[in-house]
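In what follows, a single structure is set out as structure tokens and then discussed.
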Amino acid sequence: MVHYTRFVERGRVVFITHGAYARKIAVIVDIIDQNRVLIDGPCSGVPRRPVNIKRLHLTKFVMKIPVNCGTLGVEDNWRRQKIGELWKKSMWARKLEKKRIRAGLTDFQRFQVMVARKTRNRIISNYRMRKTTLQMIKNMRPKKKTA
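For reference, each letter of the sequence shown is one residue, going 1 to 147 in full-length UniProt numbering.
Encoded structure:
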């Protein structure tokens, strides 16, 4: 049984999905009620503001921040704990970046990607076929009797 580990808590780094600050990260500074939290993202350009929890995705990162921490304190802890660098190294951020780059491709660039993928897959399948064929030939040879 897998236990859920990402809780809405003070210091949890969140990814904003909707609104003016969509696709940016911020940190939960305080919990207002069961539906809203106070977030702040001084290094990512998100001002301190209340946000509905439904507009947020919780990340695996948790900052250590004191109670009633101001924007300057959040920024200081953000830089000290290198949250921006950790986020950029995460698989989630890399997938988002890859998706953004792919969305900006022209028709010809998409064609080039398709041709490159076909070439790569052909090379891989030929290698696998050659490897299995050699294995079959090796197994078909009669074994020498030693007596």
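Beta carbons are placed, not taken as given, at the ideal position from N, Cα and C, and that holds for glycine.
Selection from the options that minimises the alpha carbon distance to residue i
| i | options | result |
| --- | --- | --- |
| V13 | R79, T59, G70, T133 | T59 |
| R100 | G19, N35, R23, V67 | R23 |
| G19 | V51, V29, R141 | V51 |
| residue 148 | I28, E75, Y21 | Shown here, the chain extends from 1 to 147; a query on residue 148 therefore has no answer. |
| L56 | V8, K95, I32, G73 | V8 |
| T17 | I32, I53, R48, R102 | I53 |
Same chain, Cβ closer than 8 Å to residue i, five either side skipped, listed in chain order
| i | result |
| --- | --- |
| L105 | V113 |
| K64 | G11, N77, Q81 |
| R79 | C43 |
7 Å Cβ shell around residue i - same chain, five flanking residues per side excluded
| i | result |
| --- | --- |
| Y4 | none |
Local conformation of residue i per DSSP, three classes
| i | result |
| --- | --- |
| L96 | helix |
| L56 | strand |
| L105 | coil |
| I32 | coil |
| F61 | strand |
| V67 | coil |
| F15 | strand |
| R6 | coil |
| A26 | strand |
Whether residue i touches residue j by CB criterion (7 Å)
| i | j | result |
| --- | --- | --- |
| L86 | F108 | no |
| T71 | D30 | no |
| I25 | F15 | yes |
| Y21 | V46 | yes |
Own chain, CB closer than 6 Å to residue i, minus 5 neighbours either side, in chain order
| i | result |
| --- | --- |
| M140 | none |
| R48 | D40, T71 |
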